[in-house]
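Note that the protein sequences, when read in sequence, are chains S and E. Counting in my numbering, the first sequence runs without a single skipped number right up to 170 at its last residue. Counting in my numbering, the second sequence runs without a single skipped number right up to 340 at its last residue. Beta carbons are placed, not taken as given, at the ideal position from N, Cα and C, and that holds for glycine. Treat the numbers as computed from the prediction; the structure is a model and nothing was measured. This report concerns only the one structure given below.
2 protein chains.
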Amino acid sequence: MDLKSKIREIPDWPKPGVNFKDIAPLLQDAAAFKQAIDELAAPYIGKQVDVVVAIDARGFLLATAVAYKLDAGVALVRKKGKLPWKTINREYALEYGSNIIEMHEDAVKPGQKVLMVDDVLATGGTMEAAVWMVRQLGGEIIGASFLIGLSFLNGKEKLSGVEVKELVIY
Amino acid sequence: MDLKSKIREIPDWPKPGVNFKDIAPLLQDAAAFKQAIDELAAPYIGKQVDVVVAIDARGFLLATAVAYKLDAGVALVRKKGKLPWKTINREYALEYGSNIIEMHEDAVKPGQKVLMVDDVLATGGTMEAAVWMVRQLGGEIIGASFLIGLSFLNGKEKLSGVEVKELVIY
Numbered sequence: 001m002d003l004k005s006k007i008r009e010i011p012d013w014p015k016p017g018v019n020f021k022d023i024a025p026l027l028q029d030a031a032a033f034k035q036a037i038d039e040l041a042a043p044y045i046g047k048q049v050d051v052v053v054a055i056d057a058r059g060f061l062l063a064t065a066v067a068y069k070l071d072a073g074v075a076l077v078r079k080k081g082k083l084p085w086k087t088i089n090r091e092y093a094l095e096y097g098s099n100i101i102e103m104h105e106d107a108v109k110p111g112q113k114v115l116m117v118d119d120v121l122a123t124g125g126t127m128e129a130a131v132w133m134v135r136q137l138g139g140e141i142i143g144a145s146f147l148i149g150l151s152f153l154n155g156k157e158k159l160s161g162v163e164v165k166e167l168v169i170y
Numbered sequence: 171m172d173l174k175s176k177i178r179e180i181p182d183w184p185k186p187g188v189n190f191k192d193i194a195p196l197l198q199d200a201a202a203f204k205q206a207i208d209e210l211a212a213p214y215i216g217k218q219v220d221v222v223v224a225i226d227a228r229g230f231l232l233a234t235a236v237a238y239k240l241d242a243g244v245a246l247v248r249k250k251g252k253l254p255w256k257t258i259n260r261e262y263a264l265e266y267g268s269n270i271i272e273m274h275e276d277a278v279k280p281g282q283k284v285l286m287v288d289d290v291l292a293t294g295g296t297m298e299a300a301v302w303m304v305r306q307l308g309g310e311i312i313g314a315s316f317l318i319g320l321s322f323l324n325g326k327e328k329l330s331g332v333e334v335k336e337l338v339i340y
């Protein structure tokens, strides 16, 4: 199945000039959802992934099913203030202003093999900050997989040294 | 494995008097995570679930893996303003004030068999509102499954006519 055919484009959302990629129709379609998870997981079967990093909030939708498929655990990256225990954090620049994301200090243990998963690779700012935190905790990143890549935003440039995979490219 | 042993209690979070149940250690542990997903899915294997409803944001972490296990799709319940397409919504009361959650109008099709999944059944307000929306869209709810039930808050009372399952009860 062509997964792109299950992604709904929403013009001018969340603001004028942005053509939002809505993955809800893909998630609702059992066959498309299964195919997406299987394709995200496939390159890492047999690679002994210990934890899959899930990024708040849409990343949660894909990362946990990929972790289940790979018999791995799940580590959370959340927006500031959402995690209840001891955290590390990382600030990153947005088009206007900045954002802070956090992980629990024990979310990844030193030496663990880590797969990063998110829905969209846009400018790469969020994933770059998440990669920084995982390395700070001693994790070994074996790849970063995205359902969608927005190639015109050059997000891969921010993720040097990380094997990046994208299932659907715009 | 006793799943409760993998849940971390955080006193006085997010506010004094609340003993928060942190599921992060359970998610991080591959064996505990797999057991939780398998136990959430088990009663519904062979019941032809069409979609699993995932509730923003921690519900996303469990619902999608359960959907994957059941070969079902995923339908999203999100906080107001997060969904990009045409929505229905439902307001529900909180201890102080109220909250509004939304679903896309096409998230569930009439006659589909729907399993609701969330992390915690507390007062039941969120799930009651989500159940209302799924029925509004014509879905047939075959159950609501929670990783954790806070029995002292009597959330089941709000979910009359829904088969409720909880894996870990406080």
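Item                                                                                                                                       : Value
Taking only beta-carbon positions, decide if E:Lys204 is within less than 8 Å of chain S.                                                  : yes
Can you name the residues of chain E whose CB is closer than 7 Å to the CB of S:Ile148?                                                    : Result: empty, since nearest Cβ-Cβ is about 14 Å, beyond 7 Å.
Kindly indicate the opening and closing residues of the alpha helix (DSSP H) around E:Met303.                                              : Gly295 to Gln306
Please list, in chain order, the chain S residues whose beta carbon lies closer than 7 Å to that of E:Arg178.                              : Trp85
Output, in chain order, the set of chain S residues within a Cβ distance shorter than 7 Å of E:Gly243.                                     : Leu27, Gln28, Asp29, Ala30 and Phe33
Name the residues in the stretch 113–142 of chain S whose C-beta lies less than 8 Å from a C-beta of chain E; which are they?              : none
Apart from the five residues just before and just after S:Leu11, which ones in its own chain have a Cβ nearer than 7 Å to its Cβ?          : Note that residue 11 of chain S is Pro in the sequence shown here, rather than Leu. Around S:Pro11: Asn19.
For the beta strand (DSSP E) containing S:Asp38, name the first residue and the last one.                                                  : Here S:Asp38 belongs to no beta strand (DSSP E); instead the alpha helix (DSSP H) covers Ala30 to Ala41.
Using DSSP's beta-bridge definition, name the partner residues of E:Glu265.                                                                : Answer is none; E:Glu265 lacks a bridge partner.
Under 8 Å between the Cβ atoms of S:Met133 and S:Arg78?                                                                                    : no
Cutting at 8 Å between CB atoms, please list the residues of its own chain near S:Phe152, excluding the five before and the five after it. : Tyr170
Would S:Leu167 and S:Leu147 be called neighbours here (beta carbons separated by less than 8 Å)?                                           : yes
Against chain E, which members of the stretch 33–57 of chain S pass a CB distance test of less than 8 Å?                                   : Phe33, Lys34, Ile37, Asp50, Val51, Ala54, Asp56 and Ala57
Can you confirm whether E:Ala277, when its beta carbon is compared against all beta carbons of chain S, has any partner nearer than 8 Å?   : yes
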